[in-house]
Amino acid sequence: MANELTGDSSQTWWETDIFDVCCLLTLILLLTVVPQVWYIVVLIRVLAIAGLTIPKIRKLPEFWIAITGLLASAIWLNWYWLDNHLYLECYWCFALLLCTTIPARQRHEALATNGRNLLVLSMGFAVLWKAISPDYLSGEFFEFRLLTDARFEFLTAILTDLDATTLAWNREQLLSQESAGMVAPVVLQGQDMVAGLSRWMTWWTIGIELIIAVMYALPRWRGVELSREVILMCFLCTTYFAAPVVGFGWLLCIFGFAQCRSPVRRRIFFLTFLLIQIYAMPIGQVARDSGLLN
Numbered sequence: 001m002a003n004e005l006t007g008d009s010s011q012t013w014w015e016t017d018i019f020d021v022c023c024l025l026t027l028i029l030l031l032t033v034v035p036q037v038w039y040i041v042v043l044i045r046v047l048a049i050a051g052l053t054i055p056k057i058r059k060l061p062e063f064w065i066a067i068t069g070l071l072a073s074a075i076w077l078n079w080y081w082l083d084n085h086l087y088l089e090c091y092w093c094f095a096l097l098l099c100t101t102i103p104a105r106q107r108h109e110a111l112a113t114n115g116r117n118l119l120v121l122s123m124g125f126a127v128l129w130k131a132i133s134p135d136y137l138s139g140e141f142f143e144f145r146l147l148t149d150a151r152f153e154f155l156t157a158i159l160t161d162l163d164a165t166t167l168a169w170n171r172e173q174l175l176s177q178e179s180a181g182m183v184a185p186v187v188l189q190g191q192d193m194v195a196g197l198s199r200w201m202t203w204w205t206i207g208i209e210l211i212i213a214v215m216y217a218l219p220r221w222r223g224v225e226l227s228r229e230v231i232l233m234c235f236l237c238t239t240y241f242a243a244p245v246v247g248f249g250w251l252l253c254i255f256g257f258a259q260c261r262s263p264v265r266r267r268i269f270f271l272t273f274l275l276i277q278i279y280a281m282p283i284g285q286v287a288r289d290s291g292l293l294n
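Taking this note's numbering, the leading residue of the sequence shown gets 1, the next gets one more, and so forth.
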């Protein structure tokens, strides 16, 4: 840690200015994942591009005040339809803002603390929500996604005997019901074939999120640090393959990167950051078009 704070000349920028790297990763996130309100999208992109190209700007409190203010205004005016990871994005930008107001040598440690706390809180509340949601605990949530969500199509096809035709039929029935304004539930094909997989995914998600929340709440012991970072990487690599929510995945990667003290594991977090973007490719559609899914 001492080398990171003193800026040992034998180390690279990547290893000595973790705060700046986190700023850059956050700005990349802001270029693609922001509240879809036209003025927010335009202004955030302008600021993000400026911050990416002019290093001094991204370390100014005024810069992060502008970004945090825009995100907060979008949340205030559109709270009823925004995805929850956009709230988390605003909290993180506020944390970056606060870190710019303290001496440079203290920023990494302050950012690490904020990243760890946001990980604990986001995972802890995620587990709490799942635990009090009967439709989630029953496996219905993943069952519905596996049978109707195009993002899950490839996973469903490779882990069950369902074919692409059946999954497409389910989506068409759902769309027909919505367009007709019907409220009666649609009887989806293949429910019995995904029941076991949906239950496994349900309890795997609850279990690994709970472990991450507990592990990151523990003090910074050497063995704990390694274990929790490996578990977080495992979560990121598996969860966002099945459900490629890039914004949430990238935020968790940045949180992990911010508090990680191992240069090797920081590089792995960065590679995971790139991998999550690859997961956003329409793998199911590509596989179907190429004949891999029948």
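The beta carbon of each residue, even a glycine, is placed where N, CA and C say it ideally should be. Remember, predicted model here, so these are calculated numbers, not experimental data.
Please identify the residue among T238, R266 and Y216 whose C-alpha is closest to the C-alpha of I276.
When only C-alpha atoms are compared, the closest one is T238.
Would you decide whether V34 is buried or exposed? Buried here means 16 or more other CB atoms lie within 10 Å of its CB.
Buried, because 16 or more other Cβ atoms sit within 10 Å of the Cβ of V34.
Could you check whether the segment 162-179 touches the segment 216-225, counting it as contact only if at least three pairs of C-beta atoms, one from each stretch, sit closer than 8 Å?
Result no; under three Cβ-Cβ pairs closer than 8 Å.
Cα-Cα, which of A112, E225, S227 and F248 is closest to L236?
That would be F248, whose Cα lies nearest to the Cα of L236.
Can you tell me which of the three DSSP states L70 falls into?
In the structure shown, L70 sits in a helix (DSSP, three-state: H, G or I).
Between I211, T165, A242 and P61, which lies nearest to S198 when the distance is taken from Cα to Cα?
Cα-wise, what sits closest to S198 is A242.
Taking the straight line between their C-alpha atoms, what separation do you get for L31 and S138?
The C-alpha of S138 is placed about 37 Å away from the C-alpha of L31.
Alpha carbon to alpha carbon, how far is W129 from F142?
Their backbone Cα atoms lie some 15 Å apart in a straight line.
If you drop the 5 nearest sequence neighbours on each side, which residues of the same chain put their C-beta closer than 7 Å to that of L308?
A question about residue 308 goes unanswered here, because the residues of the chain that appear run from 1 up to 294.
Count Cβ pairs between the segment 208-217 and the segment 144-156 that sit closer than 8 Å; are there 3 or more?
No, they do not touch.
Nearest-angstrom Cα separation, counted from M193 out to T113
Rounded to whole angstroms, the separation of the alpha carbons of M193 and T113 is 44 Å.
Which of helix, strand or coil DSSP assigns to I278:
It is helical.
Should the segment 223-235 be called in touch with the segment 76-89, which here means at least 3 C-beta pairs below 8 Å?
Short answer: they don't touch.
Does the beta carbon of Q106 come closer than 8 Å to any beta carbon on chain D?
Although the question refers to chain D, the structure presented lacks it and comprises just one protein chain.
Determine the DSSP secondary structure at C23, reduced to helix, strand or coil.
Here C23 sits in helix by DSSP.
Same chain only: Cβ atoms within 7 Å of R116, ignoring 5 sequence neighbours per side
Y216 and Q259, listed in sequence order.
Would you kindly check if the distance between the Cβ of L24 and the Cβ of L43 is under 8 Å?
Not a contact, by the Cβ cut-off of 8 Å.
What's the gap between the Cα of N3 and the Cα of I18?
Confidence in N3 is poor, its pLDDT being 44 and thus under 50, which makes the residue's placement unreliable; the coordinate value appears in the next sentence. Looking at the two C-alpha atoms, the distance is approximately 12 Å.
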